[in-house]
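Visitor:
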């Protein structure tokens, strides 16, 4: 399935739309100047993934949101810059199907420690789960302008290559 990538100044999650369309050259200048921007990856003219490049202005270097058919983020992954590479620091999974638990978050550390939180009606439960896991797969190649493959799911990589 062919996918296309378009560049914008921002994605407004509440309004479910993008603001400030950028040309390829403008987006490249934003990247070179480390000015935040977003890449919207669409399939059949509908946004499927939102790649947000922050350059650490909002605590994370970059993130990717996986959108459902209603343009709600069902999952997001946030990365921090760590010694010329990226580290998957935070994962959020949201559920829109009426479950009691509507969101689960994972916060990872480079030494493998993690914290897992559950949310009901947008409120964190008091009992966070702590543990240790193998985070070797959380280290990714640093993204470059126009090449976000290290944080994209396989479907997006294939779709953009076909497009």
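Numbering (full-length UniProt numbering), first residue to last: 1 to 163. Here a beta-carbon is modelled for each residue, glycine too, at the ideal position from N, C-alpha and C. Owing to the predicted nature of the structure, the values given are computational and were not obtained by experimental measurement.
Between 62, 138, 99 and 3, which lies nearest to residue 42 when the distance is taken from Cα to Cα?
Guide: Residue 42 sits at position 42 when you count from the first residue of the chain shown. For the residues 62, 138, 99 and 3, the minimum Cα distance to residue 42 belongs to 3.
Visitor: Go to residue 30, then tell me how far its alpha helix (DSSP H) extends in each direction, as first and last residue.
Guide: Taking the first residue of the chain shown as position 1, residue 30 is located at position 30. Here the alpha helix (DSSP H) through residue 30 covers 24-32.
Visitor: Mind checking whether residue 112 and residue 134 have CB atoms under 8 angstroms apart?
Guide: In the chain shown, the residue the question calls residue 112 occupies position 112. In the chain shown, the residue the question calls residue 134 occupies position 134. Taking 8 angstroms as the Cβ cut-off, residue 112 and residue 134 qualify as a contacting pair.
Visitor: From 158, 56 and 75, pick the residue whose C-alpha is nearest to that of residue 65; which is it?
Guide: Counted from its first residue, the chain shown places residue 65 at position 65. The candidate whose alpha carbon is nearest that of residue 65 is 75.
Visitor: Which residues share a DSSP beta bridge with residue 145?
Guide: Indexing the chain shown from 1 puts residue 145 at position 145. Looking at the DSSP assignment, residue 145 forms no beta bridge with any residue, so it has no partner.
Visitor: Taking the alpha carbon of residue 119 as the point to measure from, which residue in 110, 130, 92 and 109 has its own alpha carbon closest?
Guide: Here residue 119 is taken as the residue at index 119 of the chain shown, counted from 1. Closest by alpha carbon: 92.
Visitor: What are the boundary residues of the beta strand (DSSP E) that includes residue 156?
Guide: Here residue 156 corresponds to residue number 156 of the chain shown, with the count starting at 1. It is not in any beta strand (DSSP E) - residue 156 instead sits in the alpha helix (DSSP H) that spans 154-162.
Visitor: In three-state DSSP terms, what is residue 2?
Guide: Position 2 of the chain shown, counting from 1, holds the residue named residue 2. It is coil, neither helix nor strand.
Visitor: By a C-beta neighbour count over all protein chains shown, 10 Å radius and 16 as the cutoff for buried, is residue 23 buried or exposed?
Guide: As a working mapping, residue 23 is identified with position 23 in the chain shown. Answer is exposed; the Cβ neighbour count stays below 16.
Visitor: Rounded to whole angstroms, what is the Cα-Cα separation between residue 50 and residue 125?
Guide: Translated into positions along the chain shown, residue 50 becomes position 50. Translated into positions along the chain shown, residue 125 becomes position 125. Cα to Cα, residue 50 sits roughly 28 angstroms from residue 125.
Visitor: From the DSSP output, in three-state form, read off residue 14 for me.
Guide: As a first step, residue 14 must be located in the chain shown, where it is residue number 14. In the structure shown, residue 14 sits in coil (DSSP, three-state: anything other than H, G, I, E or B).
Visitor: Can you tell me whether DSSP reads residue 64 as helix, strand or coil?
Guide: For this step, residue 64 is matched to residue 64 along the chain shown. Residue 64 falls in the strand class under three-state DSSP.
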